[in-house]
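Notes for the one structure printed next.
Numbering (our numbering), first residue to last: 1236 to 1564.
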């Protein structure tokens, strides 16, 4: 109901809309309209009440609701349906619920905050309210399950490119799923799959970006590892604009990959954005530590490490933690 009211007010941005007209069009009482208007004001919408004339929308908050994100979004699939939550445990968990209920590909779950945000290997992801982009995208690609690890790299390229285009900031990718800014983590990507032996039922791509947090918004525990776009840009970033750009770029890379099943161009861009390649790294694999030089990424998205004996070791997804020797990346 609130989305419908906002849509009507947006369509009549220069002319007030009376409560009577809103109630007639939406088939609810004027009291219900008044209550929804007040709720929208509490959410940050600046709605002016003009005596004997009606309601006029003066300003909109930077919320990640469907009506705001879809306004100006020119994708074909991603974001055709957006479900927005003020607070949620995890956008990935909610997207998986909808996937099992049969929701179509392209569904996007957004939230103003997550109370149990997820990182790789069960780690917590701090998702403060109204300051970041916390969203998950449902995909149903008709490709073999063995191709699934590529989607994390694909999403990382799309997000990194989007941040650079929207903010002008130079970011890099730390294998396999972190976006790095000034040697600190600004974004994490968590890809989860449900599949059978010969087919993928669905993939959920979870994206968490620190957008407008200030330094004191991060706990002492993660302050030396985490950073926001605002801290470097020194000005507020539109979460709506960045979200639209990410969905647009992600759809472009995604459709190109599933149609052609050619990962070479995406892999090339990934390597250009990498902060690991040709650097000394430490890999923790099944409790054992491997040190060496990160030499390359395979076509399947695995990391090739050259150890101190000159042997190439292929590191796959799922049980790997990559850190730099002297700093976070």
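We put the CB at the ideal spot given by N, CA and C, even for glycine.
Note that this is a predicted model, so its numbers are computed, not measured.
Per the C-alpha coordinates, the member of 1262, 1462 and 1388 positioned closest to residue 1536 is 1388. Look at residue 1381 here: in three-state DSSP terms it is helix.
For residue 1441, the uninterrupted beta strand (DSSP E) segment begins and ends at 1435 to 1445. Going by DSSP, residue 1369 is part of the beta strand (DSSP E) stretching over 1367 to 1374.
With a cutoff of 7 Å on beta-carbon distance, residue 1374 and residue 1340 are scored as near each other.
When the Cα atoms are used, residue 1541 and residue 1526 turn out to be separated by approximately 8 Å.
For residue 1518, the enclosing beta strand (DSSP E) starts and ends at 1515 to 1520. In the structure shown, residue 1537 falls within a coil segment according to DSSP collapsed to helix, strand and coil. With a cutoff of 7 Å on beta-carbon distance, residue 1344 and residue 1371 are scored as near each other. Around residue 1308, the same chain offers 1314, 1479 and 1482 as residues with beta carbons nearer than 7 Å, after the five sequence neighbours per side are excluded. Between residue 1414 and residue 1376 a beta carbon distance of about 22 Å is seen, past the 8 Å cut, so the two are scored as non-contacting. The beta-carbon separation of residue 1548 and residue 1474, rounded to 40 Å, does not stay under the 8 Å limit for a contact. Listed in chain order, the non-local C-beta contacts of residue 1531 below 6 Å within the same chain comprise 1539, local neighbours out to five positions each way being set aside. Under the three-state reduction of DSSP, residue 1432 is assigned to coil, being neither helix nor strand.
By a beta-carbon distance limit of 8 Å, residue 1347 contacts residue 1299. Their separation comes to about 7 Å.
For the pair residue 1268 and residue 1279, the CB atoms are not nearer than the 7 Å cut-off. Cβ-Cβ distances below 7 Å link residue 1324 to 1349, 1350 and 1351 in the same chain, with the five nearest sequence neighbours on each side left out; the list follows chain order. Every alpha helix (DSSP H) of 4 residues or more that sits fully in the segment 1258 to 1289 is shown, in chain order, as 1265 to 1277.
When the alpha-carbon of residue 1466 is set against those of 1487, 1486 and 1444, the nearest one is in 1444. With the rule of 3 Cβ pairs closer than 8 Å, the segment 1436 to 1456 does not count as touching the segment 1278 to 1293.
In this structure, the alpha-carbon of residue 1550 lies about 36 Å from that of residue 1364. Within the DSSP secondary-structure output, residue 1406 pairs in no beta bridge. For residue 1460, the closest alpha carbon among the candidates 1419, 1447 and 1245 is that of 1419. Taking residue 1329 as reference, the option from 1287, 1427 and 1304 with the minimal CA-CA separation is 1427. Shown here, residue 1465 sits in a helix according to DSSP, grouped into three states.
Rounded to the nearest angstrom, the gap between the Cα atoms of residue 1390 and residue 1274 is 35 Å.
Secondary-structure assignment with DSSP links residue 1294 through a beta bridge to 1281. The continuous alpha helix (DSSP H) containing residue 1242 extends over residues 1237 to 1246. Inter-residue distance for residue 1297 and residue 1432 is about 42 Å (C-alpha atoms, whole angstroms).
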